[in-house]
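Residues 1 to 588 (UniProt numbering) are what the sequence shown spells out, left to right.
From the three backbone atoms N, C-alpha and C, an ideal C-beta is built for every residue, glycine too.
Please read all numbers here as calculations on a predicted model, not as lab measurements.
Accompanying notes for the structure given below.
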Amino acid sequence: MGRVGSAPSPGGSSRCGAVSRLSHGTVIPSLKWHLLSFPASPPLFQAKLLRETVRKHCSSMSVPPFPQLIPDLENRGGVSCHAKSMFSVMDTLELLSRQKGLTVHVSPSGTACYITSMMFYVEIQLEKDGDVMDVKLAHFEEAPVVCDDLVQLLRMKNYDAFGKILEDLSNMYRIPGNSKMKAKGYLALQALEKDLYSMSLLDRTQDLNRVTEVLNGKVGHLVPRTGGTPMNIEFYISPYQVLEAELNHGSQVCGTKTVVTIESTDALHKLPLSPLIVDPRAGEDSNPAFLQLTDELSMDLPALFVLKFHKPVPMSLSSIEEIQRLTGIQISGLKLAPLYELIVQSTLKEKCSEDLSTNKSCFLVSLPDCPKHCYFINKGSEKSDLAGALVSKIPFNHPKCVPDVIEILRHQVAYNTLISSCVSEKHINEDDSELLYFEVVPHKNSSFSVFFLHPVKENLACVVIDVITSREVQCHLHLNPQDPTLNSSDDFIARAVKRCMSVPVVMRAVFRNAAKVKADSETQDMDMEQQPEPQLEQTTDSNSLKESLSGAGQQDWVVTDTPNNTDSTKENLSTAKLEALGDNREKK
1 MGRVGSAPSP
11 GGSSRCGAVS
21 RLSHGTVIPS
31 LKWHLLSFPA
41 SPPLFQAKLL
51 RETVRKHCSS
61 MSVPPFPQLI
71 PDLENRGGVS
81 CHAKSMFSVM
91 DTLELLSRQK
101 GLTVHVSPSG
111 TACYITSMMF
121 YVEIQLEKDG
131 DVMDVKLAHF
141 EEAPVVCDDL
151 VQLLRMKNYD
161 AFGKILEDLS
171 NMYRIPGNSK
181 MKAKGYLALQ
191 ALEKDLYSMS
201 LLDRTQDLNR
211 VTEVLNGKVG
221 HLVPRTGGTP
231 MNIEFYISPY
241 QVLEAELNHG
251 SQVCGTKTVV
261 TIESTDALHK
271 LPLSPLIVDP
281 RAGEDSNPAF
291 LQLTDELSMD
301 LPALFVLKFH
311 KPVPMSLSSI
321 EEIQRLTGIQ
331 ISGLKLAPLY
341 ELIVQSTLKE
351 KCSEDLSTNK
361 SCFLVSLPDC
371 PKHCYFINKG
381 SEKSDLAGAL
391 VSKIPFNHPK
401 CVPDVIEILR
411 HQVAYNTLIS
421 SCVSEKHINE
431 DDSELLYFEV
441 VPHKNSSFSV
451 FFLHPVKENL
461 ACVVIDVITS
471 REVQCHLHLN
481 PQDPTLNSSD
491 DFIARAVKRC
501 MSVPVVMRAV
511 FRNAAKVKAD
521 SETQDMDMEQ
531 QPEPQLEQTT
541 DSNSLKESLS
551 GAGQQDWVVT
561 DTPNNTDSTK
571 ENLSTAKLEA
581 LGDNREKK
């Protein structure tokens, strides 16, 4: 009896005392907060919270947890799992989750996996053979919801995409401060998403198709956040992509997208905690009317909303400055470089599977029923009018600026699409007299010139393309006053550009119209030396062509009045779609 009532050994006393103080002083309040944060969580997940909470606090006090009180459920989970495929799935999920800084717990039956953080958890239910049955996601203080997008990714064993979603979920809560501060950031994101979704409904009608919404909607084609997939906005799609979708029924080609999310910052910013739209159509030009960010409707948080791109977008300095004026927030981490150089680099990375030198500025473009084109890209310099930067994300704190930002992005991507149409993975290695040579020269803002040799004479000609908006383009053909017309009016060239958004396809149409002029001229003048059938091939020495084009930007030009040939216009435009697809496939 004396032994039983005697004082415990020093080690035991210290350990028991620490656990006693831990239980009453820190574990219970912490555990209570965790369980209240996820009231609908399963008992197994609550057991995990108990184990992790005690383990964390014991570690901070240098006291190991009691194994008999907190069994290692992770080890128990592996014992009851017999299928090799299940082991493989569990191992992969555990490895992937830990790489993303998350914790993993396997149920005793081995058929459930919980990927957890302080602010959310993902529950994955598996069959005995390892097939995924169900995936649920629970955000802070929210009931778990089924996530069909995560189910599909895991069934396809697309662990890279699943890991990216886990990373995005973690980043969404990576805001400095305690859990309440992180929860406020999530609440602000929900408020923004509600406002953006309301704006997306303004111009939506029952018969509105996706492409029209992408190109003309106030916030493009908006897809709300579902499960683990964040809200995204598709704001531009090229004619090639539209045509590819039309000819391949059942396939949906995606245009340029941006993801709507929230990210941490060093400084505090005022973010809304509730939707700010008062009346969707009460503003000017049927634009929404918004409330101001007052102290009652907002909170200072170390975070900002961001439009995040899957791939960095080359943007001109003027476009970047215009966006910063709209948002009132600087875009950080920008490295200025010649805009055309950035467009060429981005295009080559997208088109080429292998690494190619981005120092090249001469590209070979193949077109059906036409000699090959050779494009010299004059990359310009880092002067203010020609400089640009790769933009990965755009920060903002109020939903009212999003439609205008989307319009600037559309404009920039449309301009980039035209320049990138001259870029190919095929480089010219030696002179070829059968090539048609062109030089693309940038101008200020969003215009550029395409210089080329006149198809009939040997003087230089020039087409100036000015991208006013993503939907409006102006073109001007400049010729030497003594040279014959090319039978292509400014209006014809502008409509061809808008139809295909491809410089090579437009120049092919111009040369085809010029070939008809040349043929008519040969028919009328029978005394001239017999010419071969027009193949639009240049027989001029390629070196002289390069020398002529290299100085094209310094020459003066006059605009000539060119007749509008209605028949040729209809013919070229009616076949533009099929020809454009052929052009696209040949360049791939």
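Separation of residue j from residue i, as counted between CA atoms
i	j	result
Q292	S179	27 Å
I468	K136	47 Å
E425	P484	35 Å
L317	A387	6 Å
L336	K270	29 Å
A515	E458	15 Å
K379	F448	11 Å
L409	R512	34 Å
G255	S198	22 Å
N487	V510	8 Å
V259	F492	37 Å
C422	P314	16 Å
G110	K257	39 Å
K308	H443	28 Å
L187	A161	25 Å
L222	P481	51 Å
L169	D149	14 Å
Q330	V242	34 Å
A245	V214	14 Å
V505	F140	53 Å
E472	R499	11 Å
P224	H398	18 Å
V106	S392	37 Å
L93	S446	48 Å
Classification of residue i by the beta-carbon crowding that lies within 10 angstroms, buried from 16 upward
i	result
P455	buried
V365	buried
C374	buried
Q252	exposed
C113	buried
V517	buried
L268	exposed
H249	exposed
H310	exposed
V104	buried
V463	buried
T261	buried
D295	exposed
N158	exposed
R508	buried
S489	buried
V146	exposed
Q412	buried
D207	exposed
K128	exposed
Supposed close pair residue i, residue j - CB separation, criterion 8 Å
i	j	result
K182	M119	6 Å
P302	S274	20 Å between Cβ atoms; not a contact.
H478	A461	7 Å
I237	V219	Not a contact, Cβ separation roughly 15 Å.
R155	V132	5 Å
For residue i, three-class secondary structure by DSSP
i	result
C352	coil
D129	coil
S489	coil
Q482	coil
L435	coil
I323	helix
I394	strand
N564	Because N564 carries a pLDDT of 42, less than 50, the predicted location of this residue cannot be relied on, and the following value inherits that uncertainty. In this structure, N564 counts as coil in the three-state DSSP scheme.
T469	coil
I329	coil
S449	strand
F140	coil
residue 589	Nothing can be reported for residue 589, as the shown portion of the chain is limited to 1 through 588.
K308	strand
S361	coil
P504	helix
S366	coil
S109	coil
M118	coil
The ligand NAP heavy atom lying under 7 Å from the CB of residue i
i	result
P144	The model on display carries no ligand, and the ligand NAP is accordingly not part of it.
(message) What ranges does the alpha helix (DSSP H) occupy inside the region 396-424, keeping only unbroken runs of at least 4 residues that lie completely in it?
(response) 402-420
(message) What ranges does the beta strand (DSSP E) occupy inside the region 217-292, keeping only unbroken runs of at least 3 residues that lie completely in it?
(response) 221-223, 232-236, 256-272, 277-279
(request) Only counting runs of 3 or more residues, tell me where the beta strand (DSSP E) segments fall wholly within the region 144-223, in order along the chain. (result) 221-223
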